[in-house]
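Undergrad: Supplied in structure tokens, the structure appears directly below.
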Amino acid sequence: MIEDRSVEKRISEVKRHVHPVLPSLALAFKRTISTVERESGVSGMKLFMLGALARRDGMSQGEFAQEYEVADASRVTRTAQALEAEGHIGRERDPDDNRVVRMYLTDEGRKVLKKVPAVNEELRRRVLSVLSEEEFEELRRMLGLLAGAMKD
13 MIEDRSVEKR ISEVKRHVHP VLPSLALAFK RTISTVERES GVSGMKLFML GALARRDGMS
73 QGEFAQEYEV ADASRVTRTA QALEAEGHIG RERDPDDNRV VRMYLTDEGR KVLKKVPAVN
133 EELRRRVLSV LSEEEFEELR RMLGLLAGAM KD
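The sequence shown begins at 13 in the numbering used here and counts up by one.
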């Protein structure tokens with residue numbers, strides 16, 4: 013009983029120092045990513061990278077890190093290596109600059125991306141089960157504003 017009160021006290025203390033929106037935002041993000049991973053069979057970061065390559069095949073790992081604000085360039089490298097090992101992308105050194113590694117979708121990668129519309133539809137269905145279309149658009153607008161305000 014005393015231990016339970018001690019845990020409750022620590023949780024209460026932590027909550028006082030965390031902005032009230034953060035726990036809900038973090039939980040929504042975590043559950044959304046889990047749904048994407050479960051429905052697509054691919055981790056969120058891998059799917060995100062495949063989608064970026066679908067829009068711009070031949071993007072370098074450095075360009076990806078810069079454009080999508082991935083501070084840890086080694087994370088991009090590890091993700092690209094894993095996608096290459098799975099046969100979803102090919103990686104090649106840039107002939108004009110040997111330091112640059114370019115990434116290209118393979119047919120296997122394109123097959124994975126064919127799952128995306130169904131995954132998006134499942135996410136949309138879940139969101140619209142609790143929000144109206146207007147609320148959903150307002151949420152998107154507000155999250156965009158929040159992302160902009162948090163940019164360095």
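In this text, a Cβ means the ideal position worked out from N, Cα and C, and glycines have one as well.
Tell me the rounded alpha-carbon separation between Leu59 and Arg153.
TA: About 23 Å.
Undergrad: In the structure shown, what three-state DSSP assignment does Met154 receive?
TA: Three-state DSSP puts Met154 in a helix.
Undergrad: For Tyr80, which residues from the same chain have a beta carbon less than 8 Å from its beta carbon, with the 5 sequence-adjacent residues on both sides left out?
TA: If we look at Tyr80 and ignore the five residues flanking it on each side, its Cβ neighbours are Phe60, Ala64.
Undergrad: Name the one or two DSSP bridge partners that Ser72 has.
TA: Beta-bridge pairing links Ser72 to Arg114.
Undergrad: Could you tell me the boundaries of the beta strand (DSSP E) in which Gly99 lies?
TA: Segment: none, Gly99 is in no beta strand (DSSP E) and carries neither H nor E.
Undergrad: Alpha carbon to alpha carbon, how far is Arg105 from Val172? Give it in angstroms, no decimals.
TA: Past the edges of the chain, shown from 13 to 164, lies residue 172, and the structure says nothing about it.
Undergrad: Name the residue from Leu37, Ser72, Ala97 whose alpha carbon lies nearest to the alpha carbon of Ala159.
TA: Nearest C-alpha to Ala159: Leu37.
Undergrad: Just to confirm before moving on: does the CB-CB distance between Gln78 and Met115 stay below 8 Å?
TA: Not closer than 8 Å, so no.
Undergrad: If you follow the alpha helix (DSSP H) that Pro35 is part of, which residue opens it and which one closes it?
TA: Element bounds for Pro35: 33 to 52.
Undergrad: Report buried or exposed for Val124, applying the criterion of at least 16 other Cβ atoms within 10 angstroms of its Cβ.
TA: Val124 comes out buried.
Undergrad: How do the stretch 85 to 100 and the stretch 33 to 47 stand: do at least 3 beta-carbon pairs fall below 8 Å, yes or no?
TA: Short answer: they don't touch.
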